[in-house]
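Visitor:
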Ligand SMILES: [Zn+2]
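Residue numbers (my numbering): -3 to 328.
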């Protein structure tokens, strides 16, 4: 039976202003749980654990980080204990980011894992998994690449294999981006909805070590992005994202592309994007080749509006359709 995976990338902002743990993570997740608990729905949280590594390293120096670390650890522990699945999200630029006593100073000049040596990549995957494994009771085996930057996978796959991270949920149909910091191109993604691979996630290999469960995608007209920009600016409190930071800007080229022609977007519960959840799900149900409806979200980018849309979606689709990656693994 076709299942729905609700997945959240648990992270701060990486632009000029990181935002606070409280308004980007703790409180939005509590608001999300208010709704999920009403229906007994469980989600998968991809934790930006480079953030945890930095908190751990610096909490002795700054009292505010000590508190932040404790709050974040408590929330992750709670999620793990109550049936949600905790998994790994890697943003390696935390290696170069510092705290100035008031806020995080992000240095994204090494944004992708590819900007590091093979030895460093191995160490990052090991440490970022370990910091999470030390908090939760369940196994960490799934990964989502920071900023979708998983290609080329060749320099990365040995580290993931060594540390037994075998499930990936990064790709999405026709996803494409190229900027100073980002690179990905998923245009030739296998159409199976789920497949095994070895050193290239775009190339199905039945005996491969890794399994891809892509994020669902939906084709959007330029009009959608005009509306999105409008609601962001003039939509009022209901459309205001919960987080108090500033996102890193995409390239001007990409913005122009979205505002001028059809593009594929991930199916998301972030802000106004939640408006096409239901339509994307109906389209998914009509496609025989796709097994899983994987929805992405970021606590920092959710809004009162998007949570309302999520609740409608849970009611319409049925709470029994929802599944976590932990349950997926246990059923293998
Ligand atoms: Zn991320």
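Backbone N, C-alpha and C define an ideal beta-carbon position, used for all residues, glycine too.
Can you determine whether any heavy atom of ligand 1 sits closer than 8 Å to the C-beta of residue 85, and answer yes or no?
Guide: Result yes, Cβ under 8 Å from ligand 1.
Visitor: Relative to the C-alpha of residue 228, which candidate in 268, 250, 240, 280 has its C-alpha closest?
Guide: Closest by alpha carbon: 268.
Visitor: Would you mind working out which of 42, 299, 282, 41 sits nearest residue 235, comparing C-alpha positions?
Guide: Considering only alpha carbons, the answer is 299.
Visitor: Check whether the Cβ atoms of residue 244 and residue 177 lie closer than 9 Å to each other.
Guide: In this structure, residue 177 lies closer than 9 Å to residue 244 by Cβ.
Visitor: Is residue 326 helix, strand or coil by DSSP?
Guide: Residue 326 falls in the helix class under three-state DSSP.
Visitor: Nearest CA to the CA of residue 322: which residue from 124, 93, 76?
Guide: That would be 76, whose Cα lies nearest to the Cα of residue 322.
Visitor: If I measure Cβ to Cβ from residue 292 and keep anything under 6 Å in the same chain, skipping five residues before and after, which residues do I get?
Guide: For residue 292, where only same-chain residues beyond five positions count, the Cβ hits under 6 Å are 3, 211, 262, 264.
Visitor: Leaving out the 5 sequence neighbours to the left and right, which residues in its chain are closer than 8 Å to residue 353 when beta-carbon positions are compared?
Guide: The requested residue 353 is not part of the displayed model; the chain covers only -3 to 328.
Visitor: For residue 306, which of 217, 23, 15, 27 has the nearest alpha-carbon?
Guide: The option with the nearest alpha carbon to residue 306 is 27.
Visitor: Excluding sequence positions up to five away, which residues of its chain have a Cβ less than 7 Å from the Cβ of residue 25?
Guide: Closer than 7 Å at Cβ, skipping near neighbours: 71, 295.
Visitor: Grab me the residues of residue 47's own chain with a C-beta within less than 7 Å of its C-beta, minus the 5 sequence neighbours each way, in chain order.
Guide: The residues are 7, 8, 90.
Visitor: Using 9 Å as the limit for Cβ to Cβ distance, is residue 6 near chain D?
Guide: The structure shown has no chain D; it contains just one protein chain.
Visitor: Give me every residue whose Cβ sits closer than 5 Å to any heavy atom of ligand 1, in chain order.
Guide: Qualifying residues, in the order they occur: 5, 7, 142.
Visitor: Can you find at least 3 beta carbon pairs, one from the region 195 to 213 and one from the region 166 to 186, that sit closer than 8 Å?
Guide: Because the criterion of three Cβ pairs below 8 Å is met, the region 195 to 213 and the region 166 to 186 touch.
Visitor: Rounded to the nearest angstrom, what separates residue 148 and residue 141 at their Cα positions?
Guide: Each residue's Cα considered, the two are about 12 Å apart.
Visitor: Quick one: measure Cβ to Cβ for residue -1 and residue 288, integer angstroms, because I've assumed they're closer than 8 Å.
Guide: The pair is a contact, with the Cβ atoms about 6 Å apart (cut-off 8 Å).
Visitor: Buried or exposed, going by whether 16 or more other CB atoms sit within 10 Å of the CB of residue 53?
Guide: When all chains shown are included, residue 53 counts as exposed.
Visitor: Mapping the DSSP letters down to three states, classify residue 36 as helix, strand or coil.
Guide: Reduced to three states, the DSSP call for residue 36 is coil.
Visitor: If residue 192 and residue 203 are in contact, beta carbons under 8 Å, what's the gap, nearest whole angstrom?
Guide: With 8 Å as the limit, residue 192 and residue 203 qualify as a contact, their Cβ atoms being about 7 Å apart.
Visitor: Going by other Cβ atoms of all chains shown within 10 Å of its Cβ, with 16 needed for buried, is residue 113 buried or exposed?
Guide: By the 10 Å Cβ count, residue 113 comes out exposed.
Visitor: Take residue 150 and list the residues in its own chain whose beta-carbon comes closer than 6 Å to its own, dropping the five residues that flank it on each side.
Guide: Cβ within range, chain order: 195.
Visitor: Hey, would you say residue 42 sits closer than 9 Å to residue 102, going by beta carbons?
Guide: Against a cut-off of 9 Å, the Cβ pair of residue 102 and residue 42 comes out as no contact.
Visitor: Put residue 242 into one of helix, strand or coil per three-state DSSP.
Guide: Residue 242 falls in the strand class under three-state DSSP.
Visitor: Out of 15, 215, 144, state which residue places its alpha-carbon closest to the alpha-carbon of residue 182.
Guide: Out of 15, 215, 144, 144 has the C-alpha closest to the C-alpha of residue 182.
Visitor: Round the Cβ separation of residue 138 and residue 63 to the nearest angstrom and send it over; I've been treating them as touching at under 8 Å.
Guide: About 29 Å separates the two Cβ atoms, so there is no contact after all.
Visitor: Take residue 186 and list the residues in its own chain whose beta-carbon comes closer than 6 Å to its own, dropping the five residues that flank it on each side.
Guide: Once the five neighbours on either side are set aside, the close Cβ partners of residue 186 are 200.
Visitor: In whole angstroms, what separates the C-alpha of residue 39 from that of residue 1?
Guide: Residue 39 and residue 1: Cα-Cα distance of roughly 7 Å.
Visitor: How many whole angstroms separate the CB atoms of residue 59 and residue 118, which I take to be in contact at a CB cut-off of 8 Å?
Guide: With a Cβ gap of about 33 Å, residue 59 and residue 118 do not count as contacting.
Visitor: Quick one: complete alpha helix (DSSP H) runs, 4+ long, within the region 241 to 293?
Guide: Those alpha helix (DSSP H) runs which fall completely within the region 241 to 293 and span 4+ residues are 248 to 256, 273 to 281.
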